[in-house]
Amino acid sequence: MFSSRWRFGSDRYSEVNLFTDPYEANVETLSQAIRAAASEEPDVDGSVLFGHLKGTVVGLRYYTGVVNQGEMVGLVRQPENPYDRNAVMVANIYGNQVGHIKRELAAAMAHVMDKNLAKVEGVVPSGTKNQFTMPVMLSFWGKEENKNALKNAFDNLFDGLMESKDGEKEAAEAVGTPLLPHQKQALSWMCARENKSALPPFWEKRGELYYNSLTCFSAKEMPERIRGGILADDMGLGKTLTTLALILTNFHNGKPLPVEKCEEHSSPIKAKTKPQEGSSAGDKAEVSQSAAGPQCSNLPQVEGICVNTTEVVEIVDKSDNSTSKGKKKANKRKPSKEAPVMLEDLDFAAALGGSAADTGLKKKKKTGKKAGPTQSVESSVIESPDELSARTTLIICPLSVISNWLHQLEQHVRSNVKLNVYLYYGSERNRSKAFLSSQDVVITTYNVLSADSGNKSPLHSINWLRVVLDEGHVVRNPNAQMSTPIQNSVKDLWMLLAFLRLKPFDVREWWNRVIQRPVTGGDRAGLQNLQTLVKCITLRRTKSSEVNGRPLVSLPEKAVSEGTVLRNYADVLAILMRLRQHCCHPDLLAKTSSDLGAAATPGELRERLIDKLRLVLASGSDEECSVCLESVHLPVITHCAHVYCRPCIAQVINTEQEAARCPLCRSEIKANELVEFPQEEMEEEKSTNSDKWRTSSKVQALMGNLLRLRCEDSSIKYLVVSQFTRFLSILETPLREHGFSFVRLDGTMSQKKRTQVIQEFQSSAAGSPAIMLLSLKAGGVGLNLTAASHVFLMDPAWNPATEEQCIDRCHRLGQTRKVIVTKFIVKDSVEENMVKIQRQKQDLVEKAFGSANAERKTSRIDDIKALMEL
DNA sequence: ACCGCCGGGTGCC
DNA sequence: ACCGCCGGGTGCC
Numbered sequence: 018m019f020s021s022r023w024r025f026g027s028d029r030y031s032e033v034n035l036f037t038d039p040y041e042a043n044v045e046t047l048s049q050a051i052r053a054a055a056s057e058e059p060d061v062d063g064s065v066l067f068g069h070l071k072g073t074v075v076g077l078r079y080y081t082g083v084v085n086q087g088e089m090v091g092l093v094r095q096p097e098n099p100y101d102r103n104a105v106m107v108a109n110i111y112g113n114q115v116g117h118i119k120r121e122l123a124a125a126m127a128h129v130m131d132k133n134l135a136k137v138e139g140v141v142p143s144g145t146k147n148q149f150t151m152p153v154m155l156s157f158w159g160k161e162e163n164k165n166a167l168k169n170a171f172d173n174l175f176d177g178l179m180e181s182k183d184g185e186k187e188a189a190e191a192v193g194t195p196l197l198p199h200q201k202q203a204l205s206w207m208c209a210r211e212n213k214s215a216l217p218p219f220w221e222k223r224g225e226l227y228y229n230s231l232t233c234f235s236a237k238e239m240p241e242r243i244r245g246g247i248l249a250d251d252m253g254l255g256k257t258l259t260t261l262a263l264i265l266t267n268f269h270n271g272k273p274l275p276v277e278k279c280e281e282h283s284s285p286i287k288a289k290t291k292p293q294e295g296s297s298a299g300d301k302a303e304v305s306q307s308a309a310g311p312q313c314s315n316l317p318q319v320e321g322i323c324v325n326t327t328e329v330v331e332i333v334d335k336s337d338n339s340t341s342k343g344k345k346k347a348n349k350r351k352p353s354k355e356a357p358v359m360l361e362d363l364d365f366a367a368a369l370g371g372s373a374a375d376t377g378l379k380k381k382k383k384t385g386k387k388a389g390p391t392q393s394v395e396s397s398v399i400e401s402p403d404e405l406s407a408r409t410t411l412i413i414c415p416l417s418v419i420s421n422w423l424h425q426l427e428q429h430v431r432s433n434v435k436l437n438v439y440l441y442y443g444s445e446r447n448r449s450k451a452f453l454s455s456q457d458v459v460i461t462t463y464n465v466l467s468a469d470s471g472n473k474s475p476l477h478s479i480n481w482l483r484v485v486l487d488e489g490h491v492v493r494n495p496n497a498q499m500s501t502p503i504q505n506s507v508k509d510l511w512m513l514l515a516f517l518r519l520k521p522f523d524v525r526e527w528w529n530r531v532i533q534r535p536v537t538g539g540d541r542a543g544l545q546n547l548q549t550l551v552k553c554i555t556l557r558r559t560k561s562s563e564v565n566g567r568p569l570v571s572l573p574e575k576a577v578s579e580g581t582v583l584r585n586y587a588d589v590l591a592i593l594m595r596l597r598q599h600c601c602h603p604d605l606l607a608k609t610s611s612d613l614g615a616a617a618t619p620g621e622l623r624e625r626l627i628d629k630l631r632l633v634l635a636s637g638s639d640e641e642c643s644v645c646l647e648s649v650h651l652p653v654i655t656h657c658a659h660v661y662c663r664p665c666i667a668q669v670i671n672t673e674q675e676a677a678r679c680p681l682c683r684s685e686i687k688a689n690e691l692v693e694f695p696q697e698e699m700e701e702e703k704s705t706n707s708d709k710w711r712t713s714s715k716v717q718a719l720m721g722n723l724l725r726l727r728c729e730d731s732s733i734k735y736l737v738v739s740q741f742t743r744f745l746s747i748l749e750t751p752l753r754e755h756g757f758s759f760v761r762l763d764g765t766m767s768q769k770k771r772t773q774v775i776q777e778f779q780s781s782a783a784g785s786p787a788i789m790l791l792s793l794k795a796g797g798v799g800l801n802l803t804a805a806s807h808v809f810l811m812d813p814a815w816n817p818a819t820e821e822q823c824i825d826r827c828h829r830l831g832q833t834r835k836v837i838v839t840k841f842i843v844k845d846s847v848e849e850n851m852v853k854i855q856r857q858k859q860d861l862v863e864k865a866f867g868s869a870n871a872e873r874k875t876s877r878i879d880d881i882k883a884l885m886e887l
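Count the first sequence with our numbering and you get residues 18 to 887, in order.
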């Protein structure tokens, strides 16, 4: 037999036996009791409203009890329930069972109800006709002194729910840009990470002790809670915007940053690189009046640690695969259904923490601290001015992204919102602690941070509200030696965890013993633990992630902004290509819109990819396919702007069963997204660009040589070789002008035409062509051009072997003369570096004979590094 | 429940 | 295949 107690209203009705006789006389009594309870002030005994929580009633189909919209329901503990000793039964006002509180929530409520921490009321706001589940709004009432105990109980019991990553949160009004769904998710998650104070991963409460299930360590004191996390989204998903939204939305306990609004349309951002003249009194004027100190009594105040923070958000670009690509298995329990619970739970926590909880005021006349009815919530949170220290968010980032932060602040903060932003940079930076801590945002760089170390540094002595580490991978252990990428990643991770002060892994020894060594030793459990750990504190989405069944970003963005300069090396190639073209002749520069970064529509993207492809193809250049290592055949370009032979990349896509990735940058690639060069444009390309002919230094150098040599010996024949067929076209003009007879051989010609041209050139008859304009990669092996004894290489190739081959076409059996090769290299240009690289390659081939081909795989990227002198 | 979750059937391209 | 993927069975506490 169940004996249950209504925990409703006043104590008079606290003991009602629901189950002895549910359908008889008691019904009347019970409903009367409930009505009486509802009409009565529940706080006659001094109870206050702790907060609201939205829950779910499940199992409706098993019971007959019905509820009307807006009706109250009874919540009855069922400690004897054979399925769950935490069960909380839901009954309508007649005492008929409606269903049960969903299991996870019931666990929390059972604790609260059994410990008598609060009385719980339930109202069903909607969905009363639902077949399976219905929502229920729960409110918690209790004695002021129980508030903290209740909060702790919920924090721990909701540990699992809290980490739900599926909830969304709207940004504060001050954020002018609407957030995308995945950004709202990130905001929700970041707020939760900051506001909640659940136990860190692997910690649980066992009786009076706190126990770590990994280290088997137990402590009387609660382990320090970690209030930050790692937002490890892919590039281009809006980490900066989301972080700005966080700064404005979650000033404290889920409340937005109190910001001053001004009428005029002045720039909201006052990023002051120059220190303010005048005294600290002048500095004080920067503090807006409504900038009340937060209630930070429950925030840990730690002194003397390198980075002194209460709340930390880390932003890294890509967490390493070893940690983020966890086995699906570990994903077993994803409480997505609980998302609304979590959101409500946030409000609940805010209500618990807030001294003048607005929800409370609505229903109750609040006793004690009297808040005037016209007083706004913002003005009611003003606290002592010495708490100002926790107002400021410190953003640390590489120098190169400072402008991005400032720009995004400008762009996304409403223009009528006055946000104090200070750029803590440059020798004249204002080091006043009072000034800095009066700012809303202080931005600085890692270099300034390390230069500013020591006691005098304000960066280290201010109690920041939160610290944001942008490009977190920059934070590295300075003692770290070169090691494998995986080991480095695990080390990086340790740095981040230590920064977050995740006990006990902030102590290196524990980290090594429990995580690092097992993981590097290939221990499965170790890896599992690492994954669990990272998953607890990390939110990571890729561009292929989906929100509500839709991809995070539309296609064009996917190809854009993918990675660093070297990773997106097609851009570098394109630039180098232009430099090389410019060395030959200014008109070679294809007139392209070319900036891949600005493509807005798939159509535009395609246009730009074709432009890029045009650059690469610009005549038989020796660009090679990274798959087959030969020059590209049937070239296609991926959305990440890398060029391959179509058959090669098709094979890659077919071989990788799941999502195929670009061999160069690991972006996801799809067969139907490969862009090829449209045939018509190929022709059109040829005809354009011949308005006015002009010369170039290489043209003049070549003509000078030819004219001089013609005087010396008119019987010599010449090969003029370039990678750029358009350059060959340009050369035709002065050759004709000076009466040279020439032929041309390039890759576009049919086999028949080639044979004809070669025969013409090889002929020793009088009037036969003296010059062949030859595209570097034209023609196959076996091309016999022994008639030529002088080769002009107009532009250097990446691979010396390509040039070698070309020279060999005339330097072969049948050649009677000494072959002379002339290379034209523009001084102080990219070409000089290319020649250097060619020499190094030659050396390499000579030293490591046979292994040259294996080396070639990575060589192009290394070439670029060398060219850039990286 | 127009879901999520589970476990069985199944398996190149 | 000690997988992934598919589709059917299923569903509170």
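For each residue, glycine too, the CB sits at the ideal point set by N, CA and C.
Reduced DSSP secondary structure (H/G/I, E/B, other) of residue i
i      : result
Trp158 : strand
Gly271 : coil
Pro817 : helix
Pro152 : strand
Thr537 : helix
Asn585 : Confidence in Asn585 is poor, its pLDDT being 41 and thus under 50, which makes the residue's placement too unreliable to answer from.
Asn348 : At Asn348 the pLDDT is 31, less than 50, meaning the model places this residue with poor confidence; the figure from the coordinates comes in the next sentence. Helix at Asn348.
Val577 : Caution is warranted here: a pLDDT of 30 is assigned to Val577, below 50, making its placement in the model unreliable, and no coordinate value can be reported.
Arg846 : For clarity, residue 846 is Ser in the given sequence; the question names Arg instead. Ser846: coil per DSSP, three-state reduction.
Pro786 : coil
Asn113 : coil
His828 : coil
Glu693 : strand
Ile854 : helix
Ser432 : coil
Lys71  : strand
The beta strand (DSSP E) enclosing residue i, as first and last residue numbers
i      : result
Val669 : Where Val669 is concerned, there is no enclosing beta strand (DSSP E), although the alpha helix (DSSP H) it sits in stretches over 663 to 672.
Glu138 : 136 to 140
Ser478 : Run containing Ser478: none in the beta strand (DSSP E); it sits in the alpha helix (DSSP H), 475 to 478.
Gly91  : 89 to 94
Arg78  : Note, Arg78: premise wrong, no beta strand (DSSP E); not H, not E.
Gly246 : 246 to 248
Ala236 : 234 to 236
Closest Cα partner of residue i within the set the options
i      : options                        : result
Asp523 : Met512, Arg530, Gln533         : Met512
Ser846 : Cys823, Val838, Arg244, Pro813 : Pro813
Ala108 : Val83, His659, Ala262, Lys687  : Val83
Cys233 : Gly245, Trp527, Met594         : Trp527
Asp825 : Glu848, Glu690, Leu800, Arg448 : Leu800
Phe759 : Arg771, Phe778, Ser767         : Phe778
Phe841 : Thr833, Val737, His656         : Val737
For residue i, the first and last residue of its enclosing alpha helix (DSSP H)
i      : result
Thr145 : From DSSP, Thr145 is part of no alpha helix (DSSP H); its letter is neither H nor E.
Pro751 : 742 to 754
His656 : Counting along the chain, His656 falls outside any alpha helix (DSSP H), and DSSP gives it neither H nor E.
Arg525 : 525 to 528
Arg210 : 198 to 212
Tyr463 : 463 to 468
Within 9 Å, strictly: CB atoms of residue i and residue j
i      : j      : result
Ile775 : His602 : no
Lys71  : Leu155 : yes
Ala189 : Ala262 : yes
Val90  : Val140 : yes
Val465 : Glu277 : no
Leu274 : Gln200 : no
Val892 : Thr409 : Because the chain spans 18 through 887 in this model, residue 892 falls outside it and cannot be assessed.
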